[in-house]
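Right, one structure below, let's go through it.
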Amino acid sequence: LLDKVQELEGGPPVILISGHGDVATAVEAMTRGAVNFLEKPLDENRVLITIRTALRERQLASENTGLRKQLTGRWQLIGESRAMKKLAAQVAQVARSDAAVLITGENGSGKEVVARNLHYQGKRASKPYITVNCAAIPSELIESELFGHEKGSFTGAVERRTGHFEAANEGSLFLDEIGDMPLPVQAKVLRALETHEITRVGDSRSIPVDIRVIAATNADLTKAVEEKSFRLDLFYRLNVVPLRVPPLRERTADIPLLVEFFLEQMAQRSGRAPQAITPDALEFLGTLDWPGNVRQLRNLLEGATVFSSGEGIGRPDLEEILASGPGMTPLPQAGGAGGTDPFRAPTFEEFKGLSEMLFFKLKLAENGGNVKRTAEVLGMQRSHLYKKIDRYGLR
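Numbering (my numbering), first residue to last: 12 to 406.
Here is the structure:
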């Protein structure tokens, strides 16, 4: 009977009950698929507990299957290049631990994909995964968002609210753009990580939390530490396992796989067959510098599927979109048609890119490479300047 039940797709968990049980019978039953073995006379409470446990284990197994399917969908680590194989191997190894991870990489390179893989490949996969974009939350609200607040603790706190640390209990908390977190909040995050306790705004009681913290940044935190805008002790606490996500320009061999993956995704959403792409267009994609990385590639393909003809996505479709606005233009290449002289650039877009690159390079040199001082002189946010530095490779 056990063998027949095991052949059923999605069959129920089996608990074997016998009045003539012994160790050998129990072992055989378990090896053939039974989840438990009970002897008569039966204790009602034990039966109920055994049934609940069996159903809970079945539910967890089903949830884990669903979670693993997520990793074969949008959140796959796509790539066969040496850099991506190395990263995938690191993720698989690190996912098994609870160590804090600091993911670094340029905007659009796939830091969140790495974070989700760390969670869903690990032992906390069936528990909550909470994402917090530290750069998107106003500085006066971020403490409340992270730790929660009590009713009446500040203007607008009309009811008690649970923060992201509590919401992620037993799971993983992904702190994206950690470099933009205000210094006073950094101190409280450090305390929470060291004591495994948090305190809501407006309350004095400590609440225990069990979470794995994964942080990510596109900024240079070592420079931020030197400039006193990021705490050294928090940096050490987060940087237990550093993972670097390579920019797309360092793994252009992965572009054909990424193109195939994104076009398949878009086809599934639209309910149509995947768009074809011409060899000329695919070759052209491999020549670009991708300041926006994988995100830029995905957005470019999404636009190209709208403009392309029935013959598939061609190079003219891609060039038309690239010329349509900032953020979708390939970086100028030294030694190319225009070299590093903007006035010799063959297109207006390359002229703009070269001019901006040379401007920031000059200003950084004038200020001895000090990013904080350069940002102050230019009257711009330091995070914005870091993005320009990353885009033009001025580190």
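Built from N, CA and C at the ideal position, the CB exists for glycine as well. Small disclaimer: the values here were computed from a predicted structure and weren't measured.
Query: Integer Cβ distance of I114 from I225, believed to fall under 8 Å; Result: 7 Å
Query: Alpha carbon of L59 to alpha carbon of S137, nearest angstrom; Result: 24 Å
Query: Backbone CA spacing between E39 and F241 [nearest angstrom]; Result: 59 Å
Query: DSSP three-state assignment for N56, whether helix, strand or coil; Result: helix
Query: Spatial distance of L201 from D244 (CA atoms); Result: 8 Å
Query: DSSP state of E154 mapped onto helix, strand, coil; Result: helix
Query: Three CB pairs or more closer than 8 Å across the segment 87-95 and the segment 187-195; Result: no
Query: Nonlocal neighbours in the same chain, by C-beta distance under 8 Å from E322, ignoring five residues either side; Result: A287, T289
Query: Contact the segment 159-172 vs the segment 293-310: 3+ CB pairs below 8 Å; Result: no
Query: Sequence-distant residues of the same chain with beta carbon closer than 6 Å to D328, five excluded per side; Result: A315, F318, S319
Query: I62 versus D401, L274, P23, residue with shortest Cα-Cα distance; Result: P23
Query: CB contact check: N144 to chain E, cutoff 9 Å; Result: Reference to chain E is not applicable here, since this structure consists of a single protein chain.
Query: Whole-Å CB distance - A106 paired with G133, under 8 Å assumed; Result: 4 Å
Query: Expected contact under 8 Å - CB spacing of V125 and L254 to nearest Å; Result: 6 Å
Query: Cut-off 8 Å between Cβ atoms - residues of its own chain near T233, not counting five sequence neighbours on either side; Result: F246
Query: D187, DSSP secondary structure in three states; Result: strand
Query: Straight-line Cα distance separating A146 from L396; Result: 15 Å
Query: Outcome for Q307 when other beta-carbon atoms lying within 10 angstroms are tallied against a minimum of 16; Result: buried
Query: Span of the alpha helix (DSSP H), counted from its first residue to its last, around T316; Result: 304-318
Query: Per DSSP, the bridge partner or partners of N144; Result: D187
Query: Coil, strand or helix - P327 by DSSP; Result: helix
Query: Ranges of the alpha helix (DSSP H) found wholly within the segment 196-277, counting only runs of at least 4; Result: 232-237, 243-249
Query: Per-residue DSSP class, three states only, for T64; Result: helix
Query: Reduced DSSP category for F165 - H, G, I as helix; E, B as strand; rest coil; Result: coil
Query: Unbroken beta strand (DSSP E) run spanning T115, endpoints; Result: 112-115
Query: Boundaries (first-last residue) of the alpha helix (DSSP H) holding E360; Result: 359-377
Query: Exposure label - L375; buried when at least 16 CB within 10 Å; Result: buried
Query: Beta-bridge pairing of S29 - partner residues as DSSP gives them; Result: E50
Query: Opening and closing residue of the alpha helix (DSSP H) in which N381 lies; Result: Here N381 belongs to no alpha helix (DSSP H), and DSSP marks it neither H nor E.
Query: Contact set for I266: own chain, Cβ-Cβ below 8 Å, skip 5 residues either direction; Result: L259, L293, L296, G297, L308
Query: Contact under 9 Å by Cβ, L249 with L184; Result: no
Query: Residue nearest to F362 in terms of C-alpha spacing, selected from R384, V382, P257, A334; Result: A334
Query: Three-state secondary structure (DSSP) of R135; Result: coil
Query: DSSP state of I89 mapped onto helix, strand, coil; Result: coil
Query: Span of the alpha helix (DSSP H) around S394; Result: 393-403
Query: Boundaries of the alpha helix (DSSP H) in which D291 is found, first to last residue; Result: 290-296
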